[in-house]
Structure formats: structure tokens, C-alpha cells
Amino acid sequence: MTTPDTPGRLARGTAALVGGVGRVPWLVLALCGVSVVAAVWLSATQMRYQTQRNDLISAEKECQKRWQKYLDAFGDDDDLVVVVRGTDRRRMTAAADAVADRLQRQPKLFDRVFHQVDLRSLHGRSLFFLPPDQLQTIQRRLDGMDPLLGRFSSIGWQTLSLQALLTQAKFSRDAVKPTQADRDLMATLPAVVDSAARTLENPADYRNPWSVAGSRDQAEQLREPQHFFTPDGRLALVLARPVKESESFTPVKQACEAARSILADVRQDFPELDLGLTGLPVLETDEMAASDEDSTSASWLALLGVAVLYLVVYRGFRYPLLTVGTLLIGSAWALGWATLTVGHLNILSTTFAVMIIGMGDYGVLWVARYDEERRYGRDVLDALRETAVHAGPGILTAALTTSLAFFATMLADFKAVAELGWIAGCGVLLCAAACFTFLPATLVLVERRNRNAGAEAPIIPIATGRPFLPLLSSRPKLVLALGGVAVAVCAAFGGAVKYDANLLNMQARGLDSVTWEQELIGHAAGATWDAMSVAATRDEALALKAKYEALPGVGRVVEAASLVPDGQADKVAHVAAIHARLVGLPETIPDPLASEPDVIRELLTNLRGPAVDRLSVALTAPGAADRLREFDRRLRLDLLADLHELRAVSHAEPIALDDLPENFRERYVGRHGEFLVRAFAAESLWEFDKLEAFTKAAATADPAATGKSFRTLEGLRQMKGGFERAGLLALLVIVAVLWLDLRSLRSLLLGLFPLAVGIVATLGVMGLAGVPLNPANLIALPLIVGVGVDNGVHVLHDYADRLPGRLYRLSAATGRGITVAALTTVLGFGTLTLARHRGMASLGLALALGVTFCMVAALVLLPAILRLADGVKLKRPVKVVRREREKVAA
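Each step along the sequence shown adds one to the number in numbering that gives the first Met the number 0, with nothing skipped, and position 232 is 231.
#1: Can you tell me the Cα-Cα spacing of residue 474 and residue 795, whole angstroms?
#2: Cα-Cα, which of 160, 159, 831 and 322 is closest to residue 905?
#3: Looking at residue 238 and residue 114, is the spacing between their C-beta atoms short of 9 Å?
#4: Could you please give the first and the last residue of the uninterrupted beta strand (DSSP E) stretch that includes residue 807?
#5: Should residue 18 and residue 383 be called a contact, given that it needs their Cβ atoms to be closer than 9 Å?
#6: DSSP has residue 558 in a bridge; who is on the other side?
#7: On the DSSP bridge list, what partners appear for residue 498?
#8: Mind checking residue 154: buried by the 16 CB within 10 Å criterion, or exposed?
#9: Name, in chain order, the residues that DSSP records as bridge partners for residue 534.
#10: Using 9 Å as the threshold, is the C-beta distance between residue 770 and residue 845 below it?
#11: Cα separation between residue 259 and residue 275?
#12: Mind checking whether residue 429 and residue 390 have CB atoms under 9 Å apart?
#13: Beta carbon of residue 836, beta carbon of residue 813: below 9 Å?
#14: What do you get for residue 498, buried or exposed, if any count of 16 or more other CB atoms within 10 angstroms of its CB means buried?
#15: Which of the three DSSP states is assigned to residue 440 in this structure?
#16: Please report the distance separating the alpha-carbon of residue 673 from that of residue 783.
#17: List in chain order: all unbroken alpha helix (DSSP H) runs of 4+ residues lying wholly within the stretch 695-754.
#18: Report the rounded CA-to-CA distance for residue 613 versus residue 607, giving the unit in angstroms.
#19: Shortest alpha-carbon distance to residue 852 belongs to which of 518, 753 and 20?
#20: Looking only at C-alpha atoms, which of 40, 471 and 66 sits nearest to residue 708?
#21: Assuming residue 678 and residue 556 form a contact by the criterion Cβ under 8 Å, report the distance between their Cβ atoms to the nearest whole angstrom.
#22: Identify whether residue 345 lies in helix, strand or coil by the three-state DSSP scheme.
#23: Spatial neighbours of residue 760 within its chain, please: CB distance less than 6 Å, with the 5 preceding and 5 following residues excluded, ordered by chain position.
#24: Thinking C-beta only, is residue 426 closer than 9 Å to residue 332?
#25: Among the candidates 21, 740, 469 and 746, whose CA atom is the shortest distance from the CA of residue 378?
#26: Can we count residue 152 as close to the ligand NAD, meaning its CB is less than 8 Å from some heavy atom?
#27: Considering just the uninterrupted stretch of the beta strand (DSSP E) at residue 80, what are its terminal residues?
#28: Indicate the three-state DSSP secondary structure (helix, strand or coil) for residue 225 in the structure shown.
#29: Just to check my reading of the structure: residue 242 and residue 318 have Cβ atoms closer than 8 Å, yes? What is that Cβ distance to the nearest angstrom?
#30: By the three-class DSSP mapping on this structure, what secondary structure does residue 950 have?
#31: Please return the same chain residues whose Cβ sits closer than 8 Å to the Cβ of residue 576, not counting the five positions on each side in sequence.
#32: Per DSSP, which residues does residue 240 bridge with? Please list them.
#33: Out of 122, 90 and 116, which one is the CA nearest neighbour of residue 644?
#34: Below 8 Å, can you find three or more Cβ-Cβ pairs linking the stretch 718-738 to the stretch 404-423?
#35: For the structure I just gave you, are there three or more beta carbon pairs, one from the stretch 87-104 and one from the stretch 256-273, closer than 8 Å?
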């Protein structure tokens, strides 16, 4: 053994602390037990869970304030989307009705169902949607129909025919001072002649020539309920808002299960149709369920792997149980501390336990050193003090650097990341604290019990200076040459790594909700993406609608304002007059007087146009008289039907907001009378560039716009920027800590060397394998920073303890400690690569690769550099704080 220099202050302090713990182990364990019970009780009774993704972003963000304004006015709108696929529109409509009916029967699970807009209550007042000048035109035309509407209407209807119209047109055309009725007739005549020509050529081509009450399309929309179909008519949709369970990480899981059960029942009645379930709440629920299942499986696999690893390394259960116990104590303290300081966990910060298990297993390093000190022949207390002197400073530095890596995330502009950073950073420090309190006290009591039971393992003195990986450590040049080639290859492929922000690509393959979301994208790309504006007045809502419709990225705009016509007070008199004019309209009409083909041909001689020429020719064809008689019949019946329809839609009762269907009104009219304007995207916005372009364009129409697209974009931006800044800040803070510890630029660079190699190699393998960076695996950046630096710190502290006058070789204790700690982390995260959730699998892969490469760089490449540095006898050797053990008897 050698006689080292006097240990530094930090080493002496940790040795004094551990020595004190060793003298009163029962007291320390009692305090640990009480604090753990208190922490668990506190978290069980006081910890709250924020389960909404909305909770991940700070409420102070402008995006969140706009969203909250919408929620205050309209409530939550995260809907389940039932998709009905088929070719028979009638059957698809019936299936949608059946699904909606069953959903409405479960109000405790679905408080709002929306599958059709039923505007039949407005049908009788359709004329209010016409502008005043068009109402005046209708009035004028009705005045010109006095022969059909007056006291002798039966005669007028009997004489109404193509021949009569052409005769009247001849007089109107020849009139010296034509009246408005003459002009109206001449305006209508071309459509009548064209329809007559079509009918005489082919009766199936008959077209109604009358245009009495304006748009027939609008009247049709008001006559029957309008179901929701994609533009191509292949998919019918049913929207249902689920009732959320409070403080559950799958708040709509029960609703999703109920909806799928309903679809299974309805599917039996419509076997020719395909029914599926998607929508953001379903995607999130399926994602959480898959992630939970994957995490559980990964945890058991990791536990099994770690158990096997510990058995292989320690060849027993004592040290593994003590190490795991230390980690559990630190985790319990961290949970209690999180309850005290934050008070809640969100979807992201719930992963802090995984982070601590992967990053806070300092007990492995402690036990590895303690085991070696015992093998040197020291008793329990001396071995603990020596462990504190030699492993303690490295553990403290590693814990400090890792915690600072987490704390750096608090400076990121993302609430969820900041909270995770605080909880995990404190947790790592508490795990380190458990190494200096719980673990030494437990070791003293376990060793005492074994001694009293006569089961104490014999002390076998060993020679110092056992190297780790002796075959590699003796060939530093070869190791560095091969390592340099490998790093260069990885660097070449690292540039191929892309960033994929498409959240759909992170979901598990084959997930039912993902399959149906992609089906919906194929038929109505932007159906689930929108920009929403809240307008205080009807005019403001209509102005916003016009702005949105002018944007090329907007597919359609939905709002309620246009369903309440403006200027109704000025229209009432016109509508009432129209209705009064039609009160005496007959229900049936007498048979017409027959038109004569030859007479009509004569009347056509003074008219010009392609339709006139075609009609003249058709009148000479065989059977022309019969076809002409059929045309006259349909001409009269269509006019009568149009006038009846006009009477039906001319009730002079103004339309109010309360007249709109409740299911439509509650979505598009706020609690205080606000109007919602909803602009749906023309294409799918799962791709980041399209999402960014749409929200940017929508903001030009309304800077205060909100909606799923804005929230998703803000979350993606903050998450990406947050983790990138966290990684950079973590690196800067760690560099500062290392400088304070090592006080040498050369040592600082050497400490960062494993991290640099690990990141380059990780990106290279990901690029080679085609695995992109994404919002799920970005969190690996600050974690890899912490791990990579930790490994380098442990090696440099081991270098400080090297025997003078010899070329450096990494000690077996340090090498084994780093290896076991790293492999524990690799097993903890690496099992996630088996997850079905592609985001989680990519996170596991990134962390497993990063930790593995950082470990290899620290165990193989860094010792080779240090050995070569000793070999060439640098003038300024690496400056590290010397911490060597006292001289003991071999």
C-alpha cells in the first residue's frame, strides 16, 4: 500500500459524516424510517395530479390565456370522433343516428353529442336570409302573377302553357312602354324555352325553369337534418364530448371503452359498414394506455435484468438489496419533497421516478468501493471512512452535476419541463444523501449481525492497483486509433438525423385510433384541425368569417352568426306581404288547354338563340304533341310547387339565436352571447411546417385566434426549445462545477470527453438506423449530459488516486462501479426500446445508446488518453485534487 497526500476538505467532511453515522446507526435508520413514512403519507394525502396536456404549458403564456378565454365562453371541445365508412349514404346516416342515440343514453359518460344540424325550425322563415332587394323582386313577380293568384286563378292556371307564355312574350316584346311584368317575363322566357327544347328532345332532360324563391340549395338544407359527411361522402362522422374523470391520467378511458362497446353493438346491425373511433382524446387515451402497459413491462424486464446483473457482479443478494433500498429511500424523499414544494405531478413530471432510478443509483459506486476496502483488510468503520474519502467526493460531484443538469431545465420556457427538472434534480441529490446516511448505517448493522451470527465473510487481503480491462489498458494507442475511427464514422452518419415533430408518428403502429385518424386524413385532411375566434358581435363574427375564407389554407368556416339574418326588422313587412299574397294559392289546378306545335313554331319565328332553334326542330319530330303536352303539365305543376314552397318559407316571425338547434348553439354561441368562428384547415396539420404555416396565416385573420393547432404548435415549440436549452444550460452549469472541482482546463476537457464521444456516437447510430429525434426522445439530451460527465468525473478522481511512478490504469473498483451503474441505467431505459409506442421506444434507444457510449468512452478511451499522458511525461500533468488512501498494512 502507499502513503498518499492528506485528503481534501470535502473528503474529510464526508468521512466525518459517515463516521458519525456508523457510530449511531440505529438512530440514523430510525430518522430515515420516520422521514420516509412522513414523505409517503404526505404524497398520498396531498399530492395532486394534473392530467391535462393543457397543464404542461404555463397559464401565463399568451396562447394559454386565449385558450382559457375560449373555455370560459364555450367549455371544453375535445370530442371523440366516431367514423362510419361505407358507400350507401342512407345506411351510413342510419348507423350514425344509431350511434348517436346510444351515446346520448349515457349522459354520465357523454354530455354532448353532435352528429347532425337540424335547422327545420328555420325552414318556415327562410325568406329572412334573402336581401331586401330580392324580397322586393319576389313581391313584384307575384304581383305579375295575378291571373294565377287572384279571384279567377283557376282560369289562369288552365291557360298557363308554353303557347300562352310565348303569346304573352310577343305582346311584351312589341309593347311601346313595357311594364316591369313584361321585363320579368322576358327574363324568364329563355329558361322556359331551353327546358322545353330539352324535354321535347328527351323527356328525361326536363329542368324546372322557374326561380321564384331564390336558392333551392339553402331551402333543401333547412328542410332536412344535415348529417356530417366528408366531402367525398365516404365517411360519416359523429362527435361526442366525453365526461372526464378528475385526477386520472386517462380521464376519458371509461368513455372510450363505452364508445367502443357501442360501436360493436351497432356494427352487428350494419355489417356492411366499418365503424371506428378516433379524435384527440382517444389518441391521447390510447397513447397513455399503451405507454403505461409498455412502462410496466419495461419495468419488470429492467428489474429482472438488474437483478441478474447484481447477482453476476456481487454473487449474492446483500449488496443488491442495500443498493436498491438506498435508491428507494431517496425516491421516497423526492416524492415527499415534490409534494411540499410543487404539490402536483403532470403527465411529464410523473416520469421523475424513472429518471431517479436511472440516474441516482450512486449506491452502486459506494458499494463497489466499500467492497474493495473490506478486501484490503479494513474493518467496517474504517472501510466506510475510506469509501467516503475516495468515492464520496466523486459521488457528490456526480450528483451535483446531474442535479444541475436537471435544474438547468427550469430556465426553459416550458412549465412541464421546469417542474420535472426541479423534482428530478432534488431527487438525485436526495439519493446521494441516502448514500451517506441510510447506506452506511445499514452496512454497519448488517455486518454486525453477520459477525454476531458467525456468518461474517472472511477478509482476504488483496494487492492494490488491480486494473480494469487489463488487456485494453495496456494498449492505449490501438484503443485510441480504433476509437477514433469509430467516432469518425458515427460523426459522418450523425448529420443524417432529422427532427420529426409529427406526434402521430410517435404512436404505436397498428393502434386502432391511429388507423382511423389516418383514414380520416385521407378523406378530410383538415377535419380535426382548426383555428377558433371568439367574436363579441354578429358583425364581427361575419367579418372574421370573410377573412378566414380568403385564406388558401382554410377549407371551410363554420359559425352561427350567419344563421341569424341581419336587418330582419326591415324585412318583416316584405315577408308578410309575400305570405299574404299566397294565402289563396290553390292546392290543385285544372288540366291545361293543349298547346299547338305549329302555333308555337310560328311564335318562335321572332325569337333568336340556340334553344329556340333546337325547339323549332324538336316540334317537327314524331310525338312532339304528346311531349309538348307533358311539358306543359310539368311546367304548371313545378310553378305551383314553387309557390307552395314560397308560402311555406314566408312566415313573418324573425329568427333569433334561441331558434337555433341546442346542439349547434352550445358549440357556436357562448355563455354570454359570444359568437364562435371556426376555420378548419384544408389539409392535415400533423406535419410541423404545415401546422406552422396554417397558424401563421390564421393569425393574420385574427391575432387572438386559438384552437388545437395553436396549442399543439406552442407545445411542440416549447418542448423542443425547452429541452435544447436545458441541454445547453446543463452543459454550461456542469462545466462551471467541473472547473471548481478540477481547476484545470485540461482536466475539464478530459472530463467532458466521454460526453462528447457519447453524443457523437449516439447520433451516428440513430442516423444509421434512421431513427429521428422527436418530442419524446429530446429529453435524453440533458440526461446524457449528466451521465456522460459523471463517468468522466469518476475516472478523473480515480486518476488522482493512482500510484506514483506508474503508468495509469483504471482501478477495478472504479471500473466496476461505473460499469454496474451504467448498465443499470441502460437496463432501466433500454427495455423501453421494446415498447410499442414509437416515441417511448426511441427515447429508450437514445438513452441506452447515449449511456452505453459514454460508459465505453469513460472506461476505455479516457484511461487510454490518461495513460499516454503519463507515458510522455507532460510538463503540466492533469491537475486534480489528490485523494489517496492512508497507508495500511498489506
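Glycine included, every Cβ here is placed at the ideal spot set by N, Cα and C.
Per the coordinate set shown:
#1: Looking up residue 474 in the sequence shown gives position 475. Looking up residue 795 in the sequence shown gives position 796. Going by C-alpha positions, residue 474 is about 19 Å away from residue 795.
#2: Look at the range of the chain in this structure, 0 to 889, and you will see that residue 905 is not part of it.
#3: Translated into the one-based positions of the sequence shown, residue 114 becomes position 115. Translated into the one-based positions of the sequence shown, residue 238 becomes position 239. Yes, Cβ-Cβ distance for residue 114 and residue 238 is below 9 Å.
#4: Against the sequence shown, residue 807 aligns to sequence position 808. For residue 807, there is no enclosing beta strand (DSSP E), as DSSP marks it with neither H nor E.
#5: Mapped onto the sequence shown, residue 18 falls at position 19. Mapped onto the sequence shown, residue 383 falls at position 384. With respect to the 9 Å criterion, residue 18 and residue 383 are classified as neighbours on the basis of their beta carbons.
#6: Here residue 558 is taken as the residue at index 559 of the sequence shown, counted from 1. Its beta-bridge partners are 676.
#7: The residue labelled residue 498 in the question sits at position 499 within the sequence shown. Looking at the DSSP assignment, residue 498 forms a beta bridge with 772.
#8: Counted from its first residue, the sequence shown places residue 154 at position 155. A residue is called buried once 16 or more other Cβ atoms fall within 10 Å of its Cβ, and residue 154, having fewer, is exposed.
#9: As a working note, residue 534 is residue 535 in the sequence shown. 674.
#10: Here residue 770 is taken as the residue at index 771 of the sequence shown, counted from 1. Here residue 845 is taken as the residue at index 846 of the sequence shown, counted from 1. Yes, these two residues count as a Cβ contact at 9 Å.
#11: On the sequence shown, position 260 is the one that residue 259 refers to. On the sequence shown, position 276 is the one that residue 275 refers to. Their Cα atoms are separated by approximately 8 Å.
#12: The sequence position of residue 429 within the sequence shown is 430, counting from 1. The sequence position of residue 390 within the sequence shown is 391, counting from 1. Going by C-beta atoms, residue 429 is not nearer than 9 Å to residue 390.
#13: Taking the sequence shown and counting its residues from 1, the one referred to as residue 836 is at position 837. Taking the sequence shown and counting its residues from 1, the one referred to as residue 813 is at position 814. Going by C-beta atoms, residue 836 is not nearer than 9 Å to residue 813.
#14: Your numbering for residue 498 matches position 499 in the sequence shown. Burial call: exposed.
#15: As a first step, residue 440 is located in the sequence shown; it is residue number 441 there, counting from the start. Correct three-state label for residue 440: helix.
#16: For the purposes of this step, residue 673 is identified with residue 674 of the sequence shown, where counting begins at 1. For the purposes of this step, residue 783 is identified with residue 784 of the sequence shown, where counting begins at 1. Residue 673 and residue 783: Cα-Cα distance of roughly 50 Å.
#17: List check, alpha helix (DSSP H) in window: 707-741.
#18: What you label residue 613 is simply residue 614 of the sequence shown in a count that begins at 1. What you label residue 607 is simply residue 608 of the sequence shown in a count that begins at 1. About 11 Å.
#19: Your numbering for residue 852 matches position 853 in the sequence shown. Ranking 518, 753 and 20 by CA distance to the CA of residue 852 puts 753 first.
#20: Looking up residue 708 in the sequence shown gives position 709. The shortest Cα separation from residue 708 among 40, 471 and 66 belongs to 66.
#21: Position 679 of the sequence shown, counted from the first residue, corresponds to residue 678. Position 557 of the sequence shown, counted from the first residue, corresponds to residue 556. Going by Cβ atoms, the distance from residue 678 to residue 556 rounds to 5 Å, so yes, they are a contact pair.
#22: Walking along the sequence shown from the start, residue 345 turns up at place 346. Per DSSP, reduced to three states, the secondary structure at residue 345 is strand.
#23: Residue numbering aside, residue 760 sits at position 761 when the sequence shown is read from its first letter. Only 489 and 852 meet the Cβ criterion.
#24: In the sequence shown, the residue the question calls residue 332 occupies position 333. In the sequence shown, the residue the question calls residue 426 occupies position 427. Cβ atoms of residue 332 and residue 426: closer than 9 Å.
#25: Here the question's residue 378 lines up with position 379 in the sequence shown. Comparing Cα-Cα distances from residue 378 to each of 21, 740, 469 and 746, the minimum goes to 21.
#26: Among the ligands in the structure shown, none appear at all, so the ligand NAD cannot be discussed.
#27: Walking along the sequence shown from the start, residue 80 turns up at place 81. 79-84 is the extent of the beta strand (DSSP E) around residue 80.
#28: In the sequence shown, counting from the first residue as 1, residue 225 sits at position 226. Here residue 225 sits in strand by DSSP.
#29: What you label residue 242 is simply residue 243 of the sequence shown in a count that begins at 1. What you label residue 318 is simply residue 319 of the sequence shown in a count that begins at 1. In this structure residue 242 does not touch residue 318 by the C-beta definition: roughly 51 Å separates them, more than the 8 Å allowed.
#30: No statement about residue 950 is possible, as the shown extent of the chain runs from 0 to 889 and does not include it.
#31: As a first step, residue 576 is located in the sequence shown; it is residue number 577 there, counting from the start. These residues qualify, in order along the chain: 138.
#32: The residue you call residue 240 lines up with position 241 of the sequence shown. According to the DSSP secondary-structure assignment, residue 240 is paired through a beta bridge with 111.
#33: Locating residue 644 in the sequence shown gives position 645, where the first residue counts as 1. Measuring from the Cα of residue 644, the nearest candidate turns out to be 122.
#34: They touch, by the three-pair rule.
#35: They touch, by the three-pair rule.
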